[in-house]
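Following: one structure in structure tokens, then a few remarks.
Residue numbers (my numbering): 76 to 531.
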């Protein structure tokens, strides 16, 4: 048993003598990081963090204490009990996981501290080599995360482990347009995803294009994965238990009512640890349960264009009179943050469209006669789940003419109604998806919407 596991067990034993109900969450995480500037890797840095959170129910109220220090179990329990005297009312304990114990561990991405440093360095050097290969100035960060999570409650002890690489790259063009193309992805192997080189090679030809205004007439809209993520954020927010409890959801009262194109589905589901694709975004393991102890399981949020379910933590499910869905986390499943409360979070959402998926980005681009490609948006999340309309500014976009990118768009205001883009105007999306993560995480495709009405 690891040192952290022993501390979790010790704290649990001490809490059992002073609380009506108790839960201990412990996280042990090692991050190995290399930054790349102008194609040159920096030194390898490593950081280790061990954090604990104790939550107790006492006299109908909840007390919580977190620590990264060496406090003894008795002191932590006393702090939590004092906190409960002024804490919020306690909800009934979550339904325990039917199979407490140890979750299957991911295969290590690099063996030991020295192996981790060498693997991260090798990935960083590969990112720097792309600079000469594609002709764009490369910046970015390569990190390897190994995380072990222990959760203990009266029903038993659970342990989950995961280990993966994260690549965050930014390619800058030297032309007058000054384009900046971001790319994010995950992988279990110490090799750059093939999709990164392919995407940057395509974008390198756009660096010297003229800066143009967006067309004033009606035009097709091609959304990159980051923009699709921004477009879906109001809906994802509206389907969370947090928005439903606060009365700030445009979708909570419309479950079962058609909203999007009949081919579109949105699912949150785990990926088998052995799975992988060339973008490197498959294979991130889900924990066996969330931080409330509720088992994690696949959940369909949008089924054939119809909002089907809300996703919940234990607290929001109790408030809504619903069933917890296993989405309650401090931070998210990939990176726990002990100082954050447990809230509903999507960790592996995938957008799909039956009979409407095509090959790659080039296939969608070639079908656009007159349109725009929106790579990223700014300010699209300001309304949260109150409205299906995303209002923001195009951070980076391109003008499309006759199936080719013809220029870089001036930053401009934009309003996109997801009910139109993913509804009447929807034409198709790519079968290949990229990792996206901001507010919620998942794998998103490129999406094409027509100028006027799309397919019924």
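C-beta: ideal position from N, C-alpha, C; glycine also.
### Message
Looking at the secondary structure, which residues open and close the beta strand (DSSP E) in which residue 609 lies?
### Response
Because residue 609 is not part of the residues shown, which for the chain are 76 to 531, the question remains open.
### Message
Given a cut-off of 8 Å on the beta-carbon distance, is the pair residue 450 and residue 205 in contact?
### Response
Their beta carbons are not under 8 Å apart, which means residue 450 does not touch residue 205 by this criterion.
### Query
What residue does the beta strand (DSSP E) around residue 257 start on, and which one ends it?
Run containing residue 257: 255-262, per the beta strand (DSSP E) assignment.
### Query
By the 10 Å Cβ neighbour count, where 16 or more other Cβ atoms means buried, how is residue 226 classified, buried or exposed?
Using a 10 angstroms sphere on the CB of residue 226, the tally of other CB atoms reaches 16 or more, which defines it as buried.
### Task
Could you check the C-alpha separation between residue 267 and residue 241 for me, to the nearest Å?
Each residue's alpha carbon lies about 10 Å from the other.
### Neighbourhood of residue 96 by C-beta distance below 6 Å, restricted to the same chain and skipping five residues each side
When the five nearest sequence neighbours on each side are left out, the beta carbons in the same chain lying within less than 6 Å of the beta carbon of residue 96 are those of 132, 168, in order along the chain.
### Cβ-based burial, residue 487 [other Cβ within 10 Å; buried from 16]
Exposed, since its Cβ has fewer than 16 Cβ neighbours within 10 Å.
### Query
In whole angstroms, what is the alpha-carbon distance linking residue 485 and residue 478?
Near 20 Å, if we compare the C-alpha coordinates of residue 478 and residue 485.
### Query
Using a Cβ-Cβ cut-off of 6 Å (strictly less than) and excluding sequence neighbours within five positions of residue 304, which residues of its own chain qualify?
Excluding residues within five positions, the ones whose Cβ falls inside 6 Å are 511, 519.
### Query
So what does DSSP say about residue 112, is it helix, strand or coil?
DSSP places residue 112 in strand when its eight states are reduced to three.
### Message
Measuring straight from C-alpha to C-alpha, what distance separates residue 481 and residue 308?
### Response
Taking the straight line from one Cα to the other gives about 29 Å.
### Query
In chain order, which continuous runs of the alpha helix (DSSP H) of length 4 or greater are located wholly inside the segment 468-525?
As far as the segment 468-525 is concerned, it has no whole alpha helix (DSSP H) run of at least 4 residues.
### Message
Mapping the DSSP letters down to three states, classify residue 431 as helix, strand or coil.
### Response
The answer is coil: DSSP assigns residue 431 none of H, G, I, E or B.
### Query
Quick one: what's got a C-beta closer than 6 Å to residue 515's C-beta in the same chain, skipping five residues either side?
Annotation for residue 515: 311, 421 place their beta carbon closer than 6 Å to its own, counting only its chain and skipping 5 residues before and after.
### Query
Can we say the segment 186-200 touches the segment 77-91, given the rule of at least three CB pairs closer than 8 Å?
Flag = no, the segment 186-200 and the segment 77-91 do not touch.
### Query
Which of helix, strand or coil does DSSP assign to residue 281?
Residue 281: coil per DSSP, three-state reduction.
### Query
Which same chain residues, not among the five before or five after residue 335, have their C-beta less than 6 Å away from its C-beta?
These residues qualify, in order along the chain: 380, 497, 498.
### Query
Start and end of the alpha helix (DSSP H) containing residue 82?
Segment 78-91, the alpha helix (DSSP H) holding residue 82.
### Message
Please report the straight-line C-alpha distance between residue 274 and residue 124, rounded to a whole angstrom.
### Response
C-alpha separation (whole angstroms): 35 Å.
### Query
Terminal residues of the continuous alpha helix (DSSP H) containing residue 440?
Looking at the DSSP string, the run of the alpha helix (DSSP H) that includes residue 440 is 436-441.
### Task
Could you work out which residue in 263, 326, 119, 258 is closest to residue 301 when comparing CA atoms only?
Closest in alpha carbon position to residue 301, among 263, 326, 119, 258, is 258.
### Query
Among the residues of its own chain, which have a CB less than 6 Å from the CB of residue 342, if the five just before and after it don't count?
Closer than 6 Å at the Cβ level, and outside the excluded window around residue 342, lie 375, 425.
### Query
Helix or strand or just coil, what does DSSP make of residue 292?
DSSP places residue 292 in the coil class of the three-state scheme, outside both helix and strand.
### Query
How close, in whole Å, do the beta carbons of residue 191 and residue 215 come, if the pair is a contact with beta carbons under 8 Å?
With a Cβ gap of about 18 Å, residue 191 and residue 215 do not count as contacting.
#### Entry: Where the beta strand (DSSP E) containing residue 309 begins and where it ends
That residue, residue 309, is in no beta strand (DSSP E); its alpha helix (DSSP H) goes 300-313.
#### Entry: Integer-rounded CB distance, given that residue 428 should sit under 8 Å from residue 504
Contact flag correct, Cβ pair sits at about 5 Å.
### Task
Give me the Cα-Cα distance between residue 490 and residue 453, rounded to the nearest whole angstrom.
Whole-angstrom Cα-Cα distance: 11 Å.
### Message
Given this structure, state the Cα-to-Cα distance separating residue 349 from residue 317, to the nearest angstrom.
### Response
Any reading at residue 349 must be qualified, since the residue scores a pLDDT of 47, below 50, and its modelled position is unreliable; no value is offered.
#### Entry: Inter-residue CB distance, residue 445 and residue 290 (contact presumed, cutoff 8 Å)
Between residue 445 and residue 290 the beta-carbon gap is near 7 Å, inside 8 Å, which marks them as a contact.
### Task
Would you list the residues sitting across from residue 341 in a DSSP beta bridge?
Residue 341 pairs with 377, 426.
### Message
So, with DSSP's three-state summary, where would you put residue 336?
### Response
Residue state, collapsed to three classes: coil.
### Message
I'd like the ranges of any alpha helix (DSSP H) spanning at least 4 consecutive residues and lying wholly in the segment 122-178.
### Response
The segment 122-178 contains these whole alpha helix (DSSP H) runs: 148-159.
### Query
Hey, how far is the Cα of residue 468 from the Cα of residue 235?
In a straight line, the C-alpha of residue 468 is about 40 Å away from that of residue 235.
### Query
Closest to residue 472 by CA distance: which of 299, 332, 340, 430 is it?
If we check each option's Cα against that of residue 472, 299 comes out closest.
### Buried or exposed by the 16-neighbour rule on C-beta atoms within 10 Å, applied to residue 78
By the 10 Å Cβ count, residue 78 comes out exposed.
#### Entry: Beta-carbon proximity check, residue 382 vs residue 314, cutoff 8 Å
Yes, the Cβ-Cβ distance between residue 382 and residue 314 is below 8 Å.
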